[in-house]
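Following this line, the structure appears as structure tokens:
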């Protein structure tokens, strides 16, 4: 009994903090999304979300899925080069460069990309200076393309760090044995390394999905109007109309999207562990 009380006292501060700072706001938002002013249960807020923001919800989902697919491709490729490349100077250079976006806030990344991708931005000015384009041929990369580029660039460091760490934790003798038997680097990657680091890849992509779904600064600063992402709609409902109910309903939709993707990953992960057992 005395030991149980000691453990309870150790856990109580953390549990209280989670309850006050996470569970209470979450519960309050869920209740507000499903109730009227008279505390009556209703789906009116979700009907308004569907009528006004169904296109934005689809746009958000497409942007996030494309960003996650590109993020998986680039982060796995970069991790494979760092893990399997025999040229150590290249590995050290890549290991330094890919970490840089990790320490840059999203709002700073959005401003950087806005300056870089605009019609008169740094990228187009560099192409014009190199005589690859004329000023009339330049186009703006702001909008959905800019949002995807910013998301992938910003999350690449985080995803590569997790995946590269998973690859580095593998037993090196099996990779050396495959090399001694004549296996090429692509075959080592696809047949030996990737099947063992799938959990790390899943964690990186799920966490990146949640991060992209929650960012406000990038779609607000790089987006060019409608359609836009859910976070911008939530901020608009609160700032323009003080309509917290519809904003909370949009939050529930965002939560369901993230929950569905997380459930898919967890189900696949548990099924894989059950097959290994």
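In the working numbering, the protein residues as written are 523 to 799.
Every residue gets a Cβ at the ideal spot worked out from N, C-alpha and C, and that includes glycine.
Tell me whether residue i is buried or exposed, calling it buried when 16 or more other Cβ atoms sit within 10 Å of its Cβ.
i	result
residue 610	exposed
residue 646	buried
residue 694	exposed
residue 630	exposed
residue 770	buried
residue 799	For residue 799, the predicted model reports a pLDDT of 42, less than 50, meaning its position is unreliable; a value from the coordinates is still stated below. The residue is exposed, with fewer than 16 neighbouring Cβ atoms inside 10 Å.
residue 541	exposed
residue 579	buried
residue 654	exposed
residue 615	exposed
residue 559	exposed
residue 688	buried
residue 723	buried
When DSSP labels each residue in this structure, what does residue i get in the three-state scheme?
i	result
residue 750	coil
residue 675	helix
residue 686	helix
residue 576	helix
residue 713	helix
residue 692	coil
residue 551	helix
residue 661	coil
residue 640	coil
residue 703	coil
residue 765	coil
residue 782	helix
residue 656	coil
residue 799	For residue 799, the predicted model reports a pLDDT of 42, less than 50, meaning its position is unreliable; a value from the coordinates is still stated below. Reduced to three states, the DSSP call for residue 799 is coil.
residue 601	helix
residue 607	coil
Based on the DSSP output, what are the partners of residue i in its beta bridges?
i	result
residue 557	563
Would you give the residue range spanned by the alpha helix (DSSP H) that residue i belongs to?
i	result
residue 719	716-736
residue 649	644-651
residue 626	No alpha helix (DSSP H) holds residue 626; DSSP gives it neither H nor E.
residue 610	610-619
residue 740	739-744
With distances taken from CA atoms, which of the options is nearest residue i?
i	options	result
residue 596	787, 654 and 726	726
residue 588	531, 556 and 673	673
residue 604	573, 585 and 685	685
residue 748	731, 665 and 787	665
residue 620	741, 678, 743 and 628	678
residue 731	594, 531, 573 and 571	594
residue 751	763, 682, 764 and 736	736
residue 742	628, 544 and 547	628
residue 690	671, 606 and 555	606
residue 775	577, 739 and 608	577
residue 758	574, 663 and 566	574
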